[in-house]
Every structure is written in C-alpha cells, then in structure tokens.
Amino acid sequence: MDKETLIAELKTIVKPYAKDEAALANINENTDFINDLKINSANLVDVILDVEEKYNIVIDNESMEKMVNVKAAMEIIESKLA
Amino acid sequence: MTTHDILNYLPYSPPFLFVDGLDYIDCDKVVGHFTYHADMDFYKGHFKGFPVTPGVVLTETMAQIGLVCLGIYLKGGVPEGSGMGFGLTSTEIEFMHPVFPGEKVTVTSEKQFFRFGKLKCKVSMRNAAGREVCAGTIAGMVIAKPLQA
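Top to bottom, those sequences are chains A and B.
Counting in my numbering, the first sequence runs from 1236 upward without gaps.
Counting in my numbering, the second sequence runs from -7 upward without gaps.
Here it is as structure tokens:
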C-alpha cells in the first residue's frame, strides 16, 4: 500500500475523534495524534481499535504505546500486514 | 473476588455512593441495584416541589455499577496505595422515564471492550416494575490518581 493511500485511510479513521480540524485537513506523516489532532487518551484507544478492525490486525500494548503519530501508526500497520 | 470485596473497593461514600449491592458479575457483565431514598439531598432542589431523580445521578449510578464495579472485578481489586483511580471518559445516554424518590433501580451493564485501560459498556437501568428508564453506552479509564494540588 502506498503512503498516500494509508494516510488517507488513517485520516478517515481519526476524523470522528480529532478536535483540531486544521491539523486534520493537513494530516501528514509527522502529525501527532495527541498534540496536533488533539485526540484525547480515551479516544486514542478507539482509534487503535478502529485500526485493528480496518486492517484485521491485533495491536499489543507495546505497539499501542508507540502509536502516537501518523508515522508510527503507518510503520506498525505495515509491519503487522507484512 | 466476591461481590462484597468489590463493594469494599469502591472509592465512594454517601452521599455519593449509588450502589447497594451486586446481583451478578462475570468478566462480561454486571448487574447491580440501588434505592434512591426520599431524603437524599438533591430532591430538595430537583425540582422545587416536585422531586425527580436527576439524569446526572442516574448516569452516575450506571457508571458506578456498570463501569467501576466491573472495572474493579476485571482488574482483580484495587491494591492499597496503588494510586489506581477511575475516570469517566464518555457517556451517551437516553432517558425514557422518570425515577421518583424511594424507587429501587437495577442496572445491567455488558462489556463492549476493555483494552488499553479503557472499559466501554452498554448499560441499561430498569425500575422495580421492569421498565427501562434509561440506557446507552458509558466509557471510562483506569487511571493513576492525580496528586492533589
């Protein structure tokens, strides 16, 4: 899967939880879920569960802790799908 | 863990304890009850001359039984000095019927998920006649208690 497609899919997943619309519109690899999109920690769990469902993968505690930005999320998704 | 242990671990006391007892608990479901005594303080003001149990109190009751009791069970207790606390993170509740002073209600909560410290449940409250008075979804997180400022 190419980067643009994956970022677009992640954008759809985080949209219901992102509080900063400008940051969401400009989402890129360096976008931080908490600091840029202003997603709260409870909703970050929802994001991760939605990622699991979308890609049919299981994210463990260790990966969850790393999944703080778009880049890390892409790496984790790609490694699980590989 | 017995239901008695769970009640002892609850971090509430009157006038903000809204659990009298648990009727059933397993890893996926909890059923508990509470009776709103007519002398509870909030009835003096909600409403003037027409006491009705406030929706926030019904919501709190569902959270205490449905989330905190189940959360304590799933975590296997609240170790002394652990700093373990519980935070409400979201609610989506519909209120269908009023609850008057003196009424006993029964809350049923079914776990949707407990992942990464977040517990989300589908909750429903029924009155003594078995009529559903409110229902929806509630979520909370097991947190480290913030130090007092």
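Glycine included, every Cβ here is placed at the ideal spot set by N, Cα and C.
Please read all numbers here as calculations on a predicted model, not as lab measurements.
- Here B/Pro71 has no same chain residue with a Cβ atom under 6 angstroms from its own Cβ, once five neighbours each way along the sequence are excluded.
- For the options B/Gln56, B/Pro46, B/Gly37, B/Thr27, the alpha carbon positioned closest to that of B/Ile(-2) is the one of B/Gln56.
- A Cβ-Cβ distance of about 7 angstroms is found for the pair A/Ile1274 and A/Lys1254, placing them in contact under the 8 angstroms criterion.
- A distance below 8 angstroms between beta-carbons, with the five flanking residues on each side excluded, links A/Val1249 to the following residues of its chain, in chain order: Leu1259, Ile1262, Phe1268, Leu1272, Ile1274, Val1282.
- Per DSSP, A/Lys1246 is not a residue of any beta strand (DSSP E); the alpha helix (DSSP H) it occupies stretches across 1238 to 1249.
- Listed in chain order, the non-local C-beta contacts of B/Leu2 below 8 angstroms within the same chain comprise Leu9, Val11, Gln56, Val60, Cys61, Ile64, local neighbours out to five positions each way being set aside.
- By the criterion of at least three beta-carbon pairs nearer than 8 angstroms, the segment 19 to 26 of chain B is not in contact with the segment 71 to 91 of chain B.
- Cβ atoms of B/Thr83 and B/Gly47 stay farther apart than 8 angstroms, at about 10 angstroms.
- DSSP lists no beta-bridge partner residue for B/Met32.
- Interface annotation, B/Lys103: not in contact with chain A, CB-CB separation never under 8 angstroms.
- Shown here, B/Cys61 sits in a helix according to DSSP, grouped into three states.
- Counting only runs that start and end inside the segment 87 to 128 of chain B, there is no alpha helix (DSSP H) element of at least 4 residues.
- In summary, no residue of the segment 38 to 55 of chain B has a CB separated from any CB of chain A by less than 8 angstroms.
- Listed along chain A, no residue sits closer than 8 angstroms to B/Phe92 by beta-carbon distance, the nearest being about 33 angstroms off.
- B/Asn0 counts as exposed, since fewer than 16 other C-beta atoms from the protein chains shown sit within 10 angstroms of its C-beta.
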